[in-house]
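Residue numbers (the working numbering), protein chains in the order written: chain A, 1 to 252; chain B, 1 to 252.
Yeah, the Cβ is synthetic: ideal placement off N, Cα and C, and Gly gets one too.
Taking it in order: structure first as structure tokens, then the write-up.
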DNA sequence: GCAAGTTCTTGACGCAAATCAAGGACGATA
DNA sequence: TATCGTCCTTGATTTGCGTCAAGAACTTGC
């Protein structure tokens with residue numbers, strides 16, 4: 001059985017003139033994640049008015065590329081994306097995975113160029129938030145300004161978590177941590193915390209965690225043998241959440 | 001011969017009533033690094049008015065601790081600090097080193113608690129910037145708002161650099177990269193790019209780079225044998241900048 | 001200036017994960 | 001439904017760095 005992260009484009013029959021990806025912020029089921037603001041409803045309308053929605057990205061299409069002129073940040077509406085940098089010797093470093101309700105592109109603010117590339121891991125819809133409009137709106141809406149400071153700060157603390165993981169933890173611990181992270185992000189979106197489909201390949205996982213594909217694969221096999229989780233290709237079922245926590249051995 | 005990063009407290013004789021650490025932003029020699037803003041001089045005065053200066057921290061004193069209530073971000077005026085997190089099994093992860101002109105504490109914004117601790121590596125003076133004042137001022141000074149968005153974004157991209165370093169590079173490459181980073185940050189502050197004193201211990205370096213002390217020490221010995229640099233305890237002299245670039249093998 | 005503690009260096013050894021290699025499963029296309 | 005290409009798994013071997021150990025150099029306090 002498959003848990004779908006995405007729900008874009010499924011509702012055409014019911015709402016023939018309004019695609020799902022065009023839903024306004026006020027009625028978007030993700031708004032508690034994306035904008036957990038004490039916003040007045042006309043504040044939401046103002047924000048809504050600057051947001052641009054376009055048709056979904058197909059799998060492996062780029063949302064932006066490293067070096068592109070920075071114009072907007074993006075909120076994921078459905079599907080999943082990865083962000084990655086290319087090192088000068090041509091290798092790739094995956095810097096993050098982004099699920100519905102999460103914001104990406106903030107690394108482009110510092111010098112008006114995207115510092116990483118973003119690519120759809122599966123069909124994905126995003127909301128584009130033009131940054132100059134966001135800045136102007138932030139000036140007149142203190143809660144929005146604060147919200148964006150907080151979002152960026154959270155990105156910093158999450159990167160620091162990853163730094164710690166890479167610097168201090170074994171292959172087992174790294175993979176277990178990622179599974180827990182995906183699990184908790186799922187439950188935040190009211191999806192199953194114990195059963196989900198990984199949108200990314202083993203290569204991407206390894207790349208993100210500083211491991212080779214082979215090692216990731218071996219860790220999954222080991223976890224399966226220990227009956228911590230059931231792995232069927234990209235389908236994951238967590239059988240023993242405590243065991244997984246144990247294996248991760250980090251404050252998630 | 002010793003290159004001093006710090007200059008706090010040396011000028012008492014010349015200016016008996018105004019300690020060096022009390023210099024205003026307008027006349028601070030670091031303001032081009034700390035606030036590279038197109039600020040009008042009365043804008044600078046406004047910013048200046050919210051900034052609090054206190055007497056220098058002694059070596060190994062804390063500026064703030066993980067879990068402390070977040071109130072302010074800090075600009076380093078002199079000396080050097082490290083930021084670090086303690087993992088739940090009691091180990092330490094150094095997440096950054098901060099030199100004069102650099103800003104720290106931004107990881108506390110996301111949930112009003114400092115996500116890491118900050119400790120002086122040597123005598124250090126800092127400027128405290130209360131965050132609520134900064135937010136208010138940002139609302140009425142668009143260039144300041146932008147500046148802080150950019151600062152936070154830079155922190156994100158720098159963390160991503162470190163993630164890549166930890167995930168993809170050898171011990172030699174990591175240490176070489178750190179030396180280049182310190183070198184370029186020095187030259188930005190108009191100090192020697194080729195000769196400096198490391199304010200942090202080998203343990204801290206190893207911790208930051210995900211290596212053991214022994215490995216760091218061995219890398220330094222190797223670099224010395226290859227005549228890339230001369231190491232005399234904490235004194236570093238870069239003899240062959242190209243060789244060092246080569247060894248680092250990363251886009252600095 | 002000596003003693004005690006800390007920090008740094010160097011060597012010997014072991015191990016976790018990388019590399020190399022091969023085969024199997026899956027998904028797309030015709 | 002057969003074929004190609006990509007993705008995943010598993011095994012054998014190698015290796016870079018961690019661990020353990022010991023001693024040297026530096027720092028601090030008496």
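Which of the three DSSP states is assigned to residue i in this structure?
i                      : result
residue 225 of chain B : helix
residue 238 of chain B : strand
residue 75 of chain B  : strand
residue 136 of chain B : helix
residue 119 of chain B : strand
residue 13 of chain B  : For residue 13 of chain B, the predicted structure reports a pLDDT of 38, less than 50, and the residue's modelled location is therefore unreliable. A value from the coordinates is still provided. Three-state DSSP puts residue 13 of chain B in coil, outside helix and strand.
residue 231 of chain A : strand
residue 51 of chain A  : coil
residue 244 of chain A : helix
residue 103 of chain B : strand
residue 191 of chain A : coil
residue 209 of chain B : helix
So residue i contacts chain B; which residues on that side make the cut at Cβ distance below 7 Å?
i                      : result
residue 214 of chain A : Ordered by position in chain B, no residue passes the 7 Å Cβ test against residue 214 of chain A, which lies about 16 Å from the chain.
residue 241 of chain A : Near residue 241 of chain A there are no residues of chain B at all, since even the closest Cβ is about 17 Å away, more than 7 Å.
How far does the beta strand (DSSP E) with residue i in it reach, from first residue to last?
i                      : result
residue 96 of chain B  : 92–98
residue 195 of chain A : 195–197
residue 34 of chain A  : Per DSSP, residue 34 of chain A belongs to no beta strand (DSSP E); it is in the alpha helix (DSSP H), 31–34.
residue 130 of chain B : 125–130
residue 86 of chain A  : 81–86
Just to confirm the assignment, what range does the alpha helix (DSSP H) spanning residue i have?
i                      : result
residue 63 of chain A  : Premise fails: residue 63 of chain A lies in the beta strand (DSSP E), 62–64, not in any alpha helix (DSSP H).
residue 176 of chain B : 171–188
residue 152 of chain A : 142–168
residue 23 of chain B  : No alpha helix (DSSP H) contains residue 23 of chain B, which DSSP labels as neither H nor E.
residue 249 of chain A : Careful: residue 249 of chain A lies outside any alpha helix (DSSP H) and carries neither H nor E.
Of the choices the options, whose alpha-carbon is the least far from that of residue i?
i                      : options                     : result
residue 214 of chain B : B/172, B/91 and B/104       : B/172
residue 50 of chain B  : B/132, B/160 and B/236      : B/132
residue 168 of chain A : A/248, A/212, A/40 and A/33 : A/248
residue 92 of chain B  : B/70, B/118 and B/109       : B/118
Could you check whether residue j and residue i sit closer than 8 Å to each other, using their CB atoms as the reference points?
i                      : j                      : result
residue 152 of chain A : residue 72 of chain B  : no
residue 224 of chain A : residue 218 of chain A : no
residue 145 of chain A : residue 143 of chain B : no
residue 106 of chain B : residue 155 of chain B : yes
residue 190 of chain B : residue 122 of chain B : no
residue 244 of chain A : residue 180 of chain A : yes
residue 77 of chain A  : residue 127 of chain A : yes
residue 234 of chain A : residue 198 of chain A : yes
residue 129 of chain A : residue 75 of chain A  : yes
So residue i contacts chain A; which residues on that side make the cut at Cβ distance below 8 Å?
i                      : result
residue 164 of chain B : 85, 87, 93 and 95
residue 210 of chain B : 166, 167 and 168
I want to verify the contact list: residues of chain A whose CB lies under 9 Å from the CB of residue i, in sequence order.
i                      : result
residue 106 of chain B : 149, 152, 153 and 156
residue 118 of chain B : Correct list: empty, because the minimum Cβ distance to chain A is about 13 Å.
Give the interface partners of residue i over in chain B, defined as CB-CB distance under 9 Å, in chain order.
i                      : result
residue 146 of chain A : 109 and 135
Along chain A, which residues have their Cβ under 7 Å away from the Cβ of residue i?
i                      : result
residue 159 of chain B : 156, 159, 160 and 163
residue 139 of chain B : 139, 142 and 145
Does the Cβ of residue i lie closer than 7 Å to at least one heavy atom of the ligand MG?
i                     : result
residue 32 of chain A : Among the components of this structure there are no ligands whatsoever, and the ligand MG is therefore not found.
Under 8 Å between beta-carbons, which chain B residues line up against residue i? List them in chain order, please.
i                     : result
residue 60 of chain A : Chain B residues near residue 60 of chain A: none, gap ~22 Å exceeds 8 Å.
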